[in-house]
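Heads up, the sequence shown is in the working numbering, so the first residue is 3 and it goes up one at a time.
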Amino acid sequence: MMELTEKQKNKLLNREYRSMTMQIAKSDENEKIVQGYASTFNQEYTLYEGRSYKVVEVIDPHAFDECDMQDVIFQYDHRGRVFARTRNKTLEVSIDSYGLFMKANLGGTDIGNQLFQEIQGGYTDRMSFGFVVSEDVKTYTTDHEKGIEICTRRITKVSKLYDVSAVSIPANDMTTISARNFSDGVIADFEAERLKRAKEKVKLKIKMMEV
Numbered sequence: 003m004m005e006l007t008e009k010q011k012n013k014l015l016n017r018e019y020r021s022m023t024m025q026i027a028k029s030d031e032n033e034k035i036v037q038g039y040a041s042t043f044n045q046e047y048t049l050y051e052g053r054s055y056k057v058v059e060v061i062d063p064h065a066f067d068e069c070d071m072q073d074v075i076f077q078y079d080h081r082g083r084v085f086a087r088t089r090n091k092t093l094e095v096s097i098d099s100y101g102l103f104m105k106a107n108l109g110g111t112d113i114g115n116q117l118f119q120e121i122q123g124g125y126t127d128r129m130s131f132g133f134v135v136s137e138d139v140k141t142y143t144t145d146h147e148k149g150i151e152i153c154t155r156r157i158t159k160v161s162k163l164y165d166v167s168a169v170s171i172p173a174n175d176m177t178t179i180s181a182r183n184f185s186d187g188v189i190a191d192f193e194a195e196r197l198k199r200a201k202e203k204v205k206l207k208i209k210m211m212e213v
């Protein structure tokens, strides 16, 4: 088995995946073309929700302005065979006011035709994308009624788009998977921020008592 280089390992560690609620829409049965949105802008979705805190994410409309989308591939569940790609013009990806739009021609291979039939029959109807975030903004609020802290992460810059994928798991289930894969990132940062703020509150109380 081939050993991954440190550069390859870092790329995999930095790569994130999101499953969205947008459906794939079949557009042309004769040419085996599918299209849909792999991501939408300004629509919050929950990455993780626990007993004491919640992590929410939203993608800024300008997040893809400087994104590298030179060679994006279309896969199933982010792994295995490549069904289409931008390099041979069987896949188109573009940004509009609504989100990240994709259009793929699946008619070039037998397995692509099979995936098209699955999409056509409604067995596969969700989209996802793999990407690297280079800039984000986090805000922290408290829901006093529920007694939880909320971290809202706004993705402001995506540096690389690797793939768009048809996915088998519905978006609501994928949030848990995303949160697990993301535990070294936003959730870990949120925990560190919570601890830092808690220490600052204790220090402030001590100072007030000393006055």
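We put the beta carbon where it would ideally sit given N, CA and C, even for glycine.
Coil, strand or helix - residue i by DSSP
| i | result |
| --- | --- |
| residue 168 | strand |
| residue 66 | coil |
| residue 17 | coil |
| residue 155 | strand |
| residue 34 | coil |
| residue 185 | Here residue 185 scores only 43 on pLDDT, less than 50, and its place in the model should not be relied on; the value that follows carries that caveat. Three-state result, residue 185: coil. |
| residue 195 | helix |
| residue 59 | strand |
| residue 46 | coil |
| residue 24 | With a pLDDT of 46 at residue 24, under the threshold of 50, the modelled position of this residue cannot be trusted; read the value that follows with caution. It is coil, neither helix nor strand. |
| residue 177 | Note on residue 177: pLDDT 38, under 50, position unreliable in the model; the coordinate value appears next. Three-state result, residue 177: helix. |
| residue 203 | helix |
Proximity of residue i and residue j at Cβ, strictly below 7 Å
| i | j | result |
| --- | --- | --- |
| residue 39 | residue 124 | no |
| residue 158 | residue 58 | no |
| residue 160 | residue 76 | no |
| residue 169 | residue 104 | no |
| residue 73 | residue 53 | no |
| residue 95 | residue 17 | no |
| residue 150 | residue 55 | yes |
| residue 62 | residue 156 | yes |
| residue 80 | residue 19 | yes |
Whole-Å CB distance - residue i paired with residue j, under 8 Å assumed
| i | j | result |
| --- | --- | --- |
| residue 82 | residue 34 | Residue 82 to residue 34, Cβ: 18 Å. No contact. |
| residue 107 | residue 86 | 6 Å |
| residue 120 | residue 111 | Contact flag wrong, Cβ pair sits at about 14 Å. |
| residue 118 | residue 36 | 7 Å |
Could you name each continuous alpha helix (DSSP H) segment of 4 residues or more that falls completely within the segment 74-151, going from the start of the chain to the end?
Unbroken alpha helix (DSSP H) stretches of 4 residues or longer found wholly inside the segment 74-151: 112-122, given in chain order.
Are the segment 125-132 and the segment 188-198 touching by the rule of at least three beta carbon pairs closer than 8 Å?
Touching, no.
Between the segment 134-149 and the segment 39-51, do at least 3 Cβ pairs fall closer than 8 Å?
In short, these stretches do not touch, since the Cβ pair count stays below three.
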